[in-house]
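In my numbering, the protein residues as written are 543 to 769. Backbone N, C-alpha and C fix where the C-beta goes; we use that ideal spot for every residue, glycine too. Remember, it's a predicted structure, so these values are computed and weren't measured experimentally. These notes are about the structure you will find just below.
Here it is as structure tokens:
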């Protein structure tokens, strides 16, 4: 009797072991990866979707970033807006890279329009970011003429201060014609420097230094991979 009980217990134990093994084998989960993008694919897709989202967003003023306006025969795009959806993780298509390219194109077309419009009496549209430092008074909208005058006064005063600082005190003053010539040359040079500064900095003036550094780092990293 004892022998039979032992055999029955052994059979039950074997059955449970087999059942446990079967259950364990059936519950093994390997995961269904079909259609699930990898990390790299997600980064690429995210960059592309951010690009689309950025370009489809309406900016302040009610116009789309893809809008453009004809100024002196040049199609000038609207000023690109700063992205607010950067994840700072080094995406393949970083929104700041896209912004940088958009800014370069905007500057290029705006400068082309400035060169054309200055030869005409056409007034730059008030709601299309008129470059006050680059335009003559005739092409400035009425509402912004006072700002243009303030800017010119600042340039003039800065130039006079520089002229006065160029020369040590003299017993006899320079001829008036010489002083006027130096003033004209210095004003012209100051205006050229300010225009160059306007072109270089426009679009990045109010962006934090940390973001500028990040965008520059991403740009250099991308260039190093290309070369």
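- From the listed residues 613, 687, 639 and 618, the smallest Cα separation to residue 754 is found for 639.
- For residue 618, the uninterrupted beta strand (DSSP E) segment begins and ends at 616-619.
- The beta carbons of residue 634 and residue 625 sit about 15 Å from each other, so the pair does not count as a contact at 8 Å.
- DSSP links residue 611 through a beta bridge to 618.
- If you draw a 10 Å sphere on the C-beta of residue 681, you find 16 or more other C-beta atoms in it, and that means buried.
- Under the criterion of beta carbons closer than 8 Å, residue 651 and residue 616 qualify as touching, at roughly 6 Å.
- Comparing alpha carbon positions, the residue from 659, 644, 627 and 628 closest to residue 613 is 659.
- Under the criterion of beta carbons closer than 8 Å, residue 673 and residue 656 qualify as touching, at roughly 6 Å.
- Around the CB of residue 726, fewer than 16 other CB atoms lie within 10 Å, so the residue is classed as exposed.
- Separation of the CB atoms of residue 609 and residue 619 is rounded to 7 Å, and the pair is thereby assigned contact status at 8 Å.
- The Cβ atoms of residue 668 and residue 685 lie closer than 8 Å to each other.
- Its chain contains 679 as the residues whose beta carbon lies nearer than 8 Å to that of residue 687, once the 5 sequence neighbours on both sides are disregarded; these appear in chain order.
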